[in-house]
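Going by the working numbering, the first residue of the sequence shown is number 70, and it counts up by one from there.
From the three backbone atoms N, C-alpha and C, an ideal C-beta is built for every residue, glycine too.
Encoded as C-alpha cells, the structure appears first; notes follow it.
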Amino acid sequence: GCPKRFSTAGGMGSALLETPETLLAIVQSLLSVHPRVSVKMRLLREEGATERLVSRLASSGIWALTIHGRTRHDTYDVPSSAASIERLARLAKSVNPQLQVFASGDIFPLQGRSLALLQQPRQGAELARCAAPGSAADD
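Next comes the structure, spelled out in C-alpha cells:
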C-alpha cells in the first residue's frame, strides 16, 4: 500500500487498490508459487468498496492482511482510523477465521490506543515512524 508517487505513478503500491481485479490477479499469481502471501492495504475513499476488497482478499487464500487506517491520499496530518481498522479486521476474520490480521498507521509504543489495537481481532501491529533507535520499539 505505498502511497508515494514513485510507486503509484506506475500503477503499483496503493494505486493497485483502485484496480482490485489486477490486485487479486497478482495475489493469485503469487499464491501459485508460495503459500504464505501477505497484503498490506489502505482504506479506499468509499467504505463499501473497502469492505468488498477486504472480503475478497480475506477469501483469496492469503496468509495475512495488514490494514492501514488511512487512504492513499491522506498525509500524516490525518489520523489513522482505529475504528476502520477494527471494523475491517472483524470483517476479514469473519470471512476467514485463520487469516492473520495486523494494524498499521499511528501505532506508537506505550500509548493506550496502540495497546488497544493489539487486541483481537488483530494479531499484531506494524511500526514505522516510531521504530527508531532509542524508542520504545527497541525494548
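Pull up the CB-CB distance for residue i and residue j, whole angstroms please, since I reckon it's below 8 Å.
i	j	result
L93	S129	6 Å
R125	P166	That belief does not hold up - the Cβ atoms of R125 and P166 are roughly 17 Å apart, past 8 Å.
S107	T135	7 Å
T119	L157	7 Å
Under the rule that 16 or more other beta-carbon atoms within 10 Å means buried, what is residue i, buried or exposed?
i	result
V53	Because residue 53 is not part of the residues shown, which for the chain are 70 to 208, the question remains open.
A152	exposed
E115	exposed
T91	exposed
Just to confirm my understanding: we take residue i, look at its own chain, exclude 5 residues before and 5 after, and list those with CB closer than 6 Å. What are they?
i	result
G174	H137, G138, R139 and S149
L122	P89
I154	I136, G138 and A172
D208	In this prediction, D208 scores a pLDDT of 39, lower than 50, which makes its location untrustworthy; the coordinate-derived value is nonetheless stated afterwards. Result list for D208: empty, nothing under 6 Å.
With a threshold of 8 Å on Cβ separation, who are the neighbours of residue i within its own chain once the five nearest residues in sequence on each side are excluded?
i	result
D146	none
I95	L85
For residue i and residue j, what's the separation of their Cα atoms in angstroms?
i	j	result
D143	L100	30 Å
L113	R105	25 Å
G117	Q97	23 Å
With distances taken between CB atoms, is the gap from residue i to residue j smaller than 8 Å?
i	j	result
F171	A133	yes
What residues in its chain sit with their C-beta under 7 Å from that of residue i, if we drop five residues either side in the sequence?
i	result
L184	Below a pLDDT of 50, predicted positions are generally treated as unreliable, and L184, at 45, falls in that range; no measurement from the model is reported.
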